[in-house]
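Asks:
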Amino acid sequence: MASVTPTFVFMNLSDNFFKTSNTFLNFDFFRIFSSLLSLFLHASNKSSVSREEDLPTKIHHLFSFLTQTSQSFLFCTETSCDVNLEETNPELEEPNSLSWRVERLSKGEPVFSAFQSWMGEGFPIQRGDIFHAINRLRKLKMNKRALEVMEWVIRERPYRPKELDYSYLLEFTTKLHGVPQGETLFSRIPPEFQNDLLYNNLVMACLDKGKIRLPLAYMKKMRELGHPISPLVFNRLIILHSSPGRRKAIPRILTQMKADKVSPHVSTYNILLKIEADQHNIEGLAKVFGEMKRVNIEPNEITYCILATAHAVASLYAVSEAYVEAIEKSKTGNNWSTLDVLLILYGYLGKKKELERIWSVVKELPHVMYKSYVLAIEAFGRIGKVNRAEELWIEMRSTKQLKSSEQFNSIISVYCRHGFIDKASELFKEMEGNGCTPNAITYRHLALGCLKAGLVEEALKTLDVGMDQITSTIVRRSTPWLETTLLTVEIFADTGDLENAKKLFLEL
1 MASVTPTFVF MNLSDNFFKT SNTFLNFDFF RIFSSLLSLF LHASNKSSVS
51 REEDLPTKIH HLFSFLTQTS QSFLFCTETS CDVNLEETNP ELEEPNSLSW
101 RVERLSKGEP VFSAFQSWMG EGFPIQRGDI FHAINRLRKL KMNKRALEVM
151 EWVIRERPYR PKELDYSYLL EFTTKLHGVP QGETLFSRIP PEFQNDLLYN
201 NLVMACLDKG KIRLPLAYMK KMRELGHPIS PLVFNRLIIL HSSPGRRKAI
251 PRILTQMKAD KVSPHVSTYN ILLKIEADQH NIEGLAKVFG EMKRVNIEPN
301 EITYCILATA HAVASLYAVS EAYVEAIEKS KTGNNWSTLD VLLILYGYLG
351 KKKELERIWS VVKELPHVMY KSYVLAIEAF GRIGKVNRAE ELWIEMRSTK
401 QLKSSEQFNS IISVYCRHGF IDKASELFKE MEGNGCTPNA ITYRHLALGC
451 LKAGLVEEAL KTLDVGMDQI TSTIVRRSTP WLETTLLTVE IFADTGDLEN
501 AKKLFLEL
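Under the UniProt record's numbering, the residues of the sequence shown are numbered 1 to 508, in order.
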């Protein structure tokens, strides 16, 4: 297996379009690909029959599989860093694996204990076992343990370290100790491993820390050395410049991308589409999608999810429905993130039958996340099925720990949308008693519920309380905030209260 190196993998990847991963904040293809690769190596190491001559073909098949499926991870999920131990279900890990032993070390227990017990049973420390453990630890956000593992590997050398080993060491060193430590480590890595993979990962590590000038300097050096720059670097730069005050830099980034002969991928256009969608800019959305079609970039299910959701939020339901049909045709398997988006969309479109169908598919998944319950409750409430929403709320509270305001807000929004302010008030009290802090969206829902119930004075007081809450830009751009505010504005307008209607409208 020594003939198949990370350099081999990376150089083959550089001849292809790169696919990106999970959601708007994390597009690190190297980490996604290496996760799958490490699982393959892990299985190969355990196999009694070695077929090294087939590895290049198998790795190409692995890359082909990833490029067909990775689009289902982007934008439609929780943010990349929001990994919950309950949701990842670590108990699924094989009890006899090296990773299992590392994960279950008690706090303060040295990582060598896991290696010692592993080797004590006659197992060698192999590259596949290490890569498998590292990617498990990353998923569980056990970055300190991951760094300890890689430091042990580099120090004790159970096998000859290569590019990917140093790449992991660089990643977790920068995460835990900052960019200066990462730079120092990079300078000490043997020169033969300071290739395009390491440079790209160093740039990505800097960008992950929000740095911009430093990675730009490293990109300049990469050009001087003739190293190809990953499209993911440009994707991350675009994301870092996605705020309204920085967006004017995005055209320059795209121009530089073209100058570096890095072809924009569907992931790049998905990021640009998401930026416009977050601004609720339908015109800008259409412009980006038109450019995407002009350069013959094939949309994927993520593209259609962004387009469908943006048009649904804008109440352009006919257009949204057309994109929903495209999602159904293009989706790859039962990816939970796409299913969550379909729950939202069928709620907007008022399609009860399709909503029940998608929820049935979600329920068949090995692990149903609380976020899916939240979206389903809101969706059934949106189409007027309050009883069904209540059933799902009862099911969620019996199977999931109620630990976030988002969970309570889901059923409160249903009650308030339909004027059941008494039920909403009871949930509000339970929410506080459960240790969950009401947020600005909670009070906005309650204000709507008061208006629906004809309690105008209470609604105004509740709005004032909500306005005293710290409201982030992310909250103000969120669909629950926008939707509830628009419904409230409509009620004020219908009752002739133009002053309050104008006041809320100017918030949008």
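Here a beta-carbon is modelled for each residue, glycine too, at the ideal position from N, C-alpha and C.
Keep in mind it's a predicted model, so treat the numbers as computed, not measured.
State the DSSP-derived secondary structure class of I421, mapped to helix, strand or coil.
Replies: It is helical.
Asks: Alpha helix (DSSP H) containing M396: first to last residue?
Replies: That run of the alpha helix (DSSP H) goes 386 to 399.
Asks: Work out the CA separation of V262 and residue 509 for me, nearest whole Å.
Replies: An answer regarding residue 509 cannot be provided, because it is not within the stretch 1 to 508 covered by the chain.
Asks: Can you list, in chain order, the residues of its chain with a C-beta nearer than 8 Å to that of L455? Leave out the 5 residues immediately preceding and following it.
Replies: Hits under 8 Å: I421.
Asks: If you follow the alpha helix (DSSP H) that I271 is in, where does it begin and where does it stop?
Replies: 266 to 278
Asks: Decide if H311 is buried, meaning its Cβ has at least 16 other Cβ atoms within 10 Å, or exposed.
Replies: buried
Asks: State the start and end residues of the unbroken alpha helix (DSSP H) segment that holds S320.
Replies: 317 to 330
Asks: Whole alpha helix (DSSP H) runs in the stretch 223 to 256 with 4 or more residues, listed along the chain?
Replies: 231 to 240
Asks: On the three-state DSSP scale, how would you describe Q126?
Replies: In this structure, Q126 counts as coil in the three-state DSSP scheme.
Asks: Measuring straight from C-alpha to C-alpha, what distance separates E156 and W118?
Replies: 15 Å
Asks: DSSP on C305, reduced to helix/strand/coil?
Replies: helix
Asks: Cα separation between V295 and T442?
Replies: In this structure, the straight-line span from the alpha carbon of V295 to that of T442 is close to 44 Å.
Asks: Comparing alpha-carbon positions, which option in D494, V465, E490, T479 lies nearest Q279?
Replies: Restricting attention to D494, V465, E490, T479, the CA atom closest to the CA of Q279 is found in T479.
Asks: Using a beta-carbon distance below 8 Å, is S372 in contact with chain D?
Replies: As a matter of chain content, chain D is missing from the structure shown, which is built from one protein chain.
Asks: Quick check on the DSSP output: the alpha helix (DSSP H) that includes K173 runs from which residue to which?
Replies: Here the sequence assigns Thr to residue 173, which means Lys is not the residue at that position. T173 -> alpha helix (DSSP H) spans 163 to 177.
Asks: Can you tell me which of the three DSSP states Q116 falls into?
Replies: helix
Asks: Our contact map puts T184 next to L147 with C-beta atoms below 8 Å; I'd like the distance itself, whole angstroms only.
Replies: In this structure, T184 and L147 do not form a Cβ contact; the two beta carbons are roughly 15 Å apart against a cut-off of 8 Å.
Asks: In angstroms with no decimal places, state the Cα-to-Cα distance between G435 and G419.
Replies: Whole-angstrom Cα-Cα distance: 25 Å.
Asks: Taking the alpha helix (DSSP H) that M150 falls in, what are its first and last residues?
Replies: 143 to 156
Asks: Looking at C-alpha atoms only, which residue of I383, M431, K423 is the closest neighbour of Q401?
Replies: It is M431 whose Cα lies nearest to the Cα of Q401.
Asks: Can you tell me where the alpha helix (DSSP H) with S99 in it begins and where it stops?
Replies: 98 to 103
Asks: For the stretch 317 to 327 and the stretch 488 to 500, state whether three or more C-beta atom pairs, one from each stretch, are separated by less than 8 Å.
Replies: no
Asks: Please classify P438: is it buried, with 16 or more other beta-carbons within 10 angstroms of its beta-carbon, or exposed?
Replies: buried
Asks: By alpha-carbon positions, which one of A133, R145, E121, G290 ends up nearest to S106?
Replies: R145
Asks: Using only the alpha-carbon positions, how far apart do G381 and V414 sit?
Replies: 5 Å
Asks: Decide yes or no for the touch test of the stretch 227 to 239 against the stretch 247 to 258: beta carbon pairs closer than 8 Å, at least 3 of them.
Replies: yes
Asks: For R477 and E483, what's the separation of their Cα atoms in angstroms?
Replies: 10 Å
Asks: Does the Cβ-Cβ distance between G347 and A326 come in under 8 Å?
Replies: no
Asks: What is the DSSP secondary structure of E109, reduced to helix, strand or coil?
Replies: For E109, the three-state secondary structure derived from DSSP is coil.
Asks: I need the DSSP call for A217, collapsed to helix, strand or coil.
Replies: The answer is helix: DSSP assigns A217 an H, G or I state.
Asks: Using DSSP with H/G/I as helix, E/B as strand and the rest coil, what is C436?
Replies: coil
Asks: Under 8 Å between the Cβ atoms of A447 and T462?
Replies: yes
Asks: Are the beta-carbon atoms of L392 and I377 separated by less than 8 Å?
Replies: yes
Asks: Output the boundary residues of the alpha helix (DSSP H) element that contains N334.
Replies: Following the DSSP letters along the chain, one finds N334 in no alpha helix (DSSP H), marked with neither H nor E.
Asks: Per the contact definition of three or more C-beta pairs closer than 8 Å, is the stretch 157 to 169 in contact with the stretch 177 to 193?
Replies: The stretch 177 to 193 vs the stretch 157 to 169: in contact.
Asks: Within 10 Å of its beta-carbon, does H445 have 16 or more other beta-carbons around it, so buried, or fewer, so exposed?
Replies: buried
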